[in-house]
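Chemist:
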Amino acid sequence: MQKLSDGARRQMKSCVQGLTKAVITSLLVVYGASASAQTSARLQSSPMVVHNDRGGLLRARLLRLGELRQSQRPIEITGALCYSTCTMYLGLPQTCISSDTTFGFHGPSSYGRNLDQRVFERASLIISNYYPPALRSWYLSTGRYRVSGLYKISGKQIVEMGVKEC
542 MQKLSDGARR QMKSCVQGLT KAVITSLLVV YGASASAQTS ARLQSSPMVV
592 HNDRGGLLRA RLLRLGELRQ SQRPIEITGA LCYSTCTMYL GLPQTCISSD
642 TTFGFHGPSS YGRNLDQRVF ERASLIISNY YPPALRSWYL STGRYRVSGL
692 YKISGKQIVE MGVKEC
């Protein structure tokens with residue numbers, strides 16, 4: 542067996558180190574991606590639990606609802622209250638609720654101020670499309686006209702309107 546020169550030995554050591562880094566990087570990419578996909582799958586299958594959500598801006602909630610509809614992640618509304626835009630979770634097929642939760646409804650507004658009629662109608666229809674038929678009907682005939690304060694409906698009544706109980 543021939544003895545390697547110092548230059549050849551350094552070159553070989555550099556190649557081995559480069560190859561080792563490439564193998565480790567490849568393993569991290571493969572197993573890292575796999576672990577990331579597994580974590581993502583676990584998150585999508587584990588329920589999103591909603592506790593005491595007082596609502597928020599319609600636009601932000603619509604974006605979140607779109608993500609949840611696409612992911613089909615289960616949603617459990619189990620807190621004491623779900624008000625305003627939180628109630629829009631009721632329209633997703635993967636949602637279940639506690640009969641002990643109180644749901645609060647009001648009409649669309651801009652931080653509590655009335656909207657012009659055209660915007661009010663459009664926003665009311667968008668919101669109502671996230672409700673099961675019986676709740677939608679009530680909201681369009683009654684619930685949307687209260688801008689100050691809330692109509693409160695028990696989870697038991699919402700279950701009777703077609704939303705499944707957890």
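Quick note on the working numbering: the sequence shown kicks off at 542 and runs consecutively. All C-beta atoms, glycine included, are put in the ideal place defined by N, C-alpha and C.
Return the residue from the list F644, C637 and L603 that minimises the CA-CA distance to N593.
Modeler: F644
Chemist: Looking at G648 and R685, is the spacing between their C-beta atoms short of 7 Å?
Modeler: Against a cut-off of 7 Å, the Cβ pair of G648 and R685 comes out as a contact.
Chemist: Within the segment 636-700, note down every full beta strand (DSSP E) run reaching 3 residues or more, in order along the chain.
Modeler: 636-638, 643-646 and 692-695
Chemist: Go through its chain and collect everything with a Cβ distance to A675's Cβ below 7 Å, but skip five positions before and after it.
Modeler: M702 and G703
Chemist: Say whether the segment 617-635 touches the segment 590-608, bearing in mind that this needs 3 or more beta-carbon pairs closer than 8 Å, one atom from each stretch.
Modeler: Touching, yes.
Chemist: Measure the C-alpha to C-alpha separation of R614 and N655 and round it to an integer number of angstroms.
Modeler: 34 Å
Chemist: So which of I618, Q658 and L609 has the shortest CA-CA distance to I699?
Modeler: I618
Chemist: In the DSSP assignment, what are the bridge partners of L622?
Modeler: T643
Chemist: What's the C-alpha gap between G696 and L603?
Modeler: 22 Å
Chemist: Do I616 and T636 count as a contact pair if the criterion is CB distance below 7 Å?
Modeler: yes
Chemist: Quick one: Cα of S587 to Cα of R600, how far?
Modeler: 25 Å
Chemist: What residue does the beta strand (DSSP E) around V591 start on, and which one ends it?
Modeler: M589 to V591
Chemist: For E617, list the residues DSSP reports as bridge partners.
Modeler: V590 and C637
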